[in-house]
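For the protein sequence lines, the chains are A and B, in the order given.
Per the numbering used here, the first sequence starts with residue 1, numbered consecutively.
Per the numbering used here, the second sequence starts with residue 1, numbered consecutively.
Working notes, beginning with the structure itself.
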Amino acid sequence: MTRPTLAQAHPVAQALAIEAAGLVKRFDGTLAVDGVDISVPEGAIYGILGPNGAGKTTTLRMLLGIIDPDEGVRRVFGHDRPHEVAKLIGYLPEERGLYPAMKCDDAIAFLGALRGLPLDIGKARGRELLEQHGLGHAIDRQIRHLSKGMAQTVQLLGTLVHRPKLVVFDEPFSGLDAINQGKLEQLIRRLADEGTTVIFSTHVIHHAERLCDEVAIIAGGKVPYAGSVDAARDRIPAQVRLETRAPGGTWRTALPDDARHDAKAGGSHFWYFPVPESGIAALLKRLIEGEAGILSLSIERAGLHDAFVEIAGEAAARALADDGASEAVR
Amino acid sequence: MTDTTRLSLFEAARVVARRDFRAILFSRAFLFFLLGPLFPIVVGALAGGIGGQVQRDATTNLMAVTMSDADTAAMLRARQALAEEIGYALPELGPDTSGDAPAEILARPGNTYAAVLSGTLQSPVVSAPPEQIERWRGAVAVLAASAQGAAPDSFPEVATQPVATSAAAARSDRIRTAQAGQLLLFLLMMLLAGMVLSNLVEEKGNKVIEVLAAAIPMDAVFFGKLFAMLGISFVGIAVWAGFVGAAFLLLGEQMPLLPEPALGWPAFAALAIAYFSLGYLLLGSLFLTVGGLAATVREVQTLSMPVTMLQLLVFFLAAAAITRPGSALELTAAIFPLSSPFAMLARAAQSEAIWPHALALGWQVLCVALFVRFGASLFRRRVMKSGRAGRAPKTARAA
């Protein structure tokens, strides 16, 4: 089978931080990633969205050169070998890891040194970053004496200490409480504002929806959709959301037969259906004349979740929801 | 884009080596490492009996015969006739027609004779170093009597002619130096390789390995770890050398001395350090590969066992080759990468030639590079897996 080349996959000239075409990876004959195409514009916040085991981590590892693809091509800032541009990249793996005996500032300096930052500069910047993130008191403390959240913050700072142009986070929100998730979202936005390209994988749709300019939806090792979040949502027509007091009446004929109905405690009724071809004004007129008792009426764009269901299928969406629920329990 | 966007292999390895070196130097493991030399002493004492046996085997029993042709032939016939009954107690006889004096024969470079038999059947003369001369007196008397066809109760008087030393005796002495060098090398290497292995397993346990693999090539990670441990070993060696030096100053000549190696002590010491470094790098890279493939300590133990056994076999191979210089066995031991450092160190103790060492060192450096490259590549291919990996292969699904 002929795999697409990068030129075929992305014919329009665009400054890309990462471009990949036809990435395939097998482990002991088992297909982990099956023909992934991704292009990440410079300066974008890009999400890789999929349930656990979908191939997100393997894809990221291939993009970063930790492992090589069995088939396909990938380029980071135009380089086929990502290690060639290692100084421009910051990476926070899903399984966080630091040397337990190292002090916080030394740990940050070491992570910077791996990316070419001189140790003394790394150490000074590390102390500065720790102060900025409320960990000034822990500068000289060994990693083994930190809480899990604090250690995660230290590793995050070590990922950023050399001021990379591309930051890759693998499941960065995993294991964080709501407050720290909020802080991380702010940090990601700030990085993007400064021109840094941010890629992160997640199985929580809300993070991707809130943060990302573009997403790649990954399921079963394939990427059925890669593009802007807006375009994904626009794949599903906008819906009317009507809330009425009356459960029925002559006004019901104004609604399509397949309108979805939800009765809520407290007596109100919700109806969901596509925007009618005759327009909202005509619909509103008939509802009023039919004494529907309108409590609210809105036109709603599809969410990323709906788009995910549409694109990846019910099963993948269910797996994604299950992963999110498990994460919440943890 | 220029090279400023990445670290060179050397720079990347240095970052890893610096971290590891400091971490190990200030750890309890380093204390154990410093105590390491005590183990060879204990093992050496236990293995004394075995070493003694090897020493006895290593002493040659070949005797040059410079008698007249007729007497030499008679002695050889007598040796053959008696071989079945008491051959084990008799020297091997080798006619020497050079006409050289016994002392000259024994002093020849590469001489393998332990003694020289001259004179006549009626008045045989044995020339040998003093510590060996009595060993041959009775056997020569029996042979000479038998060669004359005399009755067993009529033995000729055997004259003796002590010689200061012989090349064969010197060779035997140097074997002791070679054995000591090999044993020290082996124990040090096993100790270090074990430490580098546990270091990598610990790294996998604390999940740092992925951060390293993302930032720098795995070759650099491997080299960094290997050289950090090598640096640690040099610190240890410096400490031990200090103790030994102090002991010499305090005890002087009471300290046991090994015979001087063929290349002299300075060159031998330099080569010992070089062979130790390369031997450790070879074994360490194998152990790193094993450590990279193992997920748990139990797996490490299981996987490292064959490597340890292989190293033991290799050590025995090199040890056996000591007494057979120039043989196919010695050549094999010198060429096989894992035994090469041992075999060549033994050669440095026994032979004056320098060029084989240059060749061997070059070969060993090449092997280290290949081993590390292979181990790093295996690590990347086999270890960095993730996800459920539960999907069927493409071919299976297509079917």
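Where is the CB? At the ideal position from N, CA and C, for every residue including glycine.
Query                                                                                                                                               : Result
Quick one: Cα of B/A346 to Cα of B/V314, how far?                                                                                                   : 14 Å
Give the range of the beta strand (DSSP E) segment to which A/F169 is assigned.                                                                     : L166 to D170
Under 8 Å between beta-carbons, which chain A residues line up against B/R380? List them in chain order, please.                                    : I66, I67 and D68
Among A/P41, A/R26 and A/D68, which one has its Cα closest to the Cα of B/A213?                                                                     : A/D68
Here's the rule I'm using: 16 or more other beta-carbon atoms within 10 Å means buried, otherwise exposed. How should B/D57 be labelled?            : Because the pLDDT at B/D57 is just 48, under 50, the model does not fix this residue reliably, and the point stays unresolved.
List the residues of chain B that A/K87 touches, going by C-beta distances under 8 Å, in chain order.                                               : T4, T5, R6 and L7
Run through the region 4-37 of chain B for me and flag every whole alpha helix (DSSP H) of 4 or more residues, listed as ranges in chain order.     : 9-25 and 28-35
Give me the subset of the region 9-38 of chain B whose CB atoms are less than 7 Å from a CB atom of chain A, sorted by chain position.              : V15, R19 and A23
Could you give the distance in angstroms between the alpha-carbon of A/A316 and the alpha-carbon of A/R210?                                         : 20 Å
Over what stretch of residues does the alpha helix (DSSP H) that includes A/Y272 continue unbroken?                                                 : From DSSP, A/Y272 is part of no alpha helix (DSSP H) but of the beta strand (DSSP E) over H269 to P274.
Quick check: what's the CA-CA separation for B/R397 versus A/L31?                                                                                   : Bear in mind that the predicted position of B/R397 carries a pLDDT of just 39, short of 50, making it unreliable; the figure below should be weighed with that in mind. For B/R397 and A/L31, the distance between alpha carbons rounds to 10 Å.
Just reading off the alpha helix (DSSP H) that B/V235 is part of, what are its end residues?                                                        : M218 to L251
Quick check: what's the CA-CA separation for A/H79 versus A/L16?                                                                                    : 11 Å
Give me the residue from B/Y113, B/E85 and B/L117 with the minimum Cα distance to B/A73.                                                            : B/L117
Determine the closest residue to B/A318 out of B/A145, B/S340 and B/V239, with distance taken between C-alpha atoms.                                : B/S340
Given a threshold of 16 other Cβ atoms within 10 Å of its Cβ, counted over all protein chains shown, does A/S278 qualify as buried or as exposed?   : exposed
Let's test the definition: count the other Cβ atoms within 10 Å of the Cβ of A/K56 and tell me whether it reaches 16, buried, or not, exposed.      : buried
Do A/Y46 and A/V204 have their C-beta atoms closer together than 8 Å?                                                                               : no
Going along chain B, which residues have a C-beta under 9 Å from A/E289?                                                                            : What A/E289 touches in chain B: nothing, since even the nearest Cβ is about 56 Å away.
Whole angstroms are fine: how far does the CA of B/R77 sit from the CA of B/T120?                                                                   : 15 Å
Verify the CB distance criterion: does A/F110 have a CB-CB separation below 8 Å to chain B?                                                         : yes
Quick check: is the beta carbon of B/A228 nearer than 8 Å to any beta carbon in chain A?                                                            : no
Compute the Euclidean distance between the alpha carbons of B/N61 and B/Q132, then round it to the nearest angstrom.                                : 10 Å
Taking only beta carbons into account, state which residues of the region 88-104 of chain A come closer than 7 Å to chain B, listed in chain order. : L88, Y91, P93, E95, R96, G97, L98, Y99, P100 and A101
Quick check on A/D306: does DSSP put it in helix, strand or coil?                                                                                   : helix
With distances taken Cα to Cα, identify the nearest neighbour of A/E214 among A/Q155, A/I48, A/G29 and A/G22.                                       : A/I48
Can you give me the start and stop residues for the alpha helix (DSSP H) that A/R125 sits inside?                                                   : L119 to Q132
Report, in whole angstroms, the separation of the C-beta atoms of A/V76 and A/P82, which I expect to be a contact under 8 Å.                        : 4 Å
Taking A/Q142 as part of the beta strand (DSSP E), name the residues at either end of that continuous run.                                          : Looking at the DSSP string, A/Q142 is not in any beta strand (DSSP E), and its letter there is neither H nor E.
Identify the contact partners of B/L200 in chain A, using a Cβ-Cβ distance below 9 Å as the criterion.                                              : Under the 9 Å cutoff, chain A gives no residues; its nearest Cβ is about 13 Å from B/L200.
Given 7 Å as the limit, tell me if B/S198 has its C-beta closer than that to any heavy atom belonging to the ligand SAH.                            : Ligands in the displayed structure: none, and consequently the ligand SAH is not present.
Since B/L310 contacts B/L200 with CB under 8 Å, what's their CB separation in whole angstroms?                                                      : About 19 Å; that fails the 8 Å criterion.
Taking 8 Å as the threshold (beta carbon to beta carbon), is B/A376 in contact with chain A?                                                        : no
What residues from the region 210-226 of chain B come within 8 Å of chain A, judged by C-beta to C-beta, listed N to C?                             : E210, V211, L212, A213, A214, A215, I216 and P217
Contact criterion: CB-CB distance below 8 Å. Does B/L303 meet it with respect to chain A?                                                           : no
Tell me the rounded alpha-carbon separation between B/A333 and B/A321.                                                                              : 7 Å
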